[in-house]
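Residue numbers (the working numbering): 575 to 733.
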């Protein structure tokens, strides 16, 4: 059996799933299904888990779907592997100059330490803008990671 695809899910993918009107057509829900069924392995840190919990529960209440928010959060926390990255890109001024939002550095910290294949994000203002558009990759310290939106990831990596 082939190795599982190694990913870091950005909170924006979970929010997209939460807000969708039609889960069967939602790339974000397809990504969550891949996590649930073991097609992908997601890595998170304590900081990522805290952000996911904080944002999902608030937005779940705002859109009147707190049970869906609980389901998504429970799925992601139970099916992800918790890591403690020692390398912190939030301490790198050059990296932060390009990222635009220092709070998003935590996703790159985990991607770097676990050598993931993909960061999956709907955050086009900060995370997705870091990639080279031709290759959809970002290179940092001798490593590279593909940064894809959920729909791009579904088309490229999932069947």
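Glycine is no exception: its CB is placed at the ideal position from the N, C-alpha and C atoms.
Rounding to the nearest angstrom, what Cα-Cα distance links residue i and residue j in this structure?
{"i": "residue 623", "j": "residue 581", "result": "15 Å"}
{"i": "residue 708", "j": "residue 730", "result": "15 Å"}
{"i": "residue 605", "j": "residue 660", "result": "27 Å"}
{"i": "residue 519", "j": "residue 694", "result": "The shown model of the chain, from 575 to 733, leaves out residue 519, and the question about it has no answer."}
{"i": "residue 596", "j": "residue 603", "result": "9 Å"}
{"i": "residue 728", "j": "residue 713", "result": "22 Å"}
{"i": "residue 691", "j": "residue 670", "result": "22 Å"}
{"i": "residue 722", "j": "residue 650", "result": "18 Å"}
{"i": "residue 616", "j": "residue 696", "result": "16 Å"}
{"i": "residue 583", "j": "residue 681", "result": "8 Å"}
Are the CB atoms of residue i and residue j nearer to each other than 8 Å?
{"i": "residue 654", "j": "residue 618", "result": "yes"}
{"i": "residue 715", "j": "residue 686", "result": "yes"}
{"i": "residue 627", "j": "residue 609", "result": "no"}
{"i": "residue 613", "j": "residue 732", "result": "yes"}
{"i": "residue 684", "j": "residue 657", "result": "yes"}
Note the first and the last residue of the continuous alpha helix (DSSP H) segment covering residue i.
{"i": "residue 728", "result": "724 to 731"}
{"i": "residue 587", "result": "585 to 593"}
{"i": "residue 705", "result": "First-last for residue 705: undefined, no H or E at that position."}
{"i": "residue 610", "result": "601 to 611"}
For residue i, report the span of its beta strand (DSSP E) as first-last.
{"i": "residue 701", "result": "From DSSP, residue 701 is part of no beta strand (DSSP E); its letter is neither H nor E."}
If you pair each beta-carbon of the stretch 630 to 643 with each one of the stretch 672 to 680, do three or more pairs fall below 8 Å? no
Taking contact to mean at least 3 C-beta pairs separated by less than 8 Å, is the stretch 700 to 711 in contact with the stretch 591 to 611? no
Could you name each continuous beta strand (DSSP E) segment of 3 residues or more that falls completely within the stretch 644 to 684, going from the start of the chain to the end? 654 to 656
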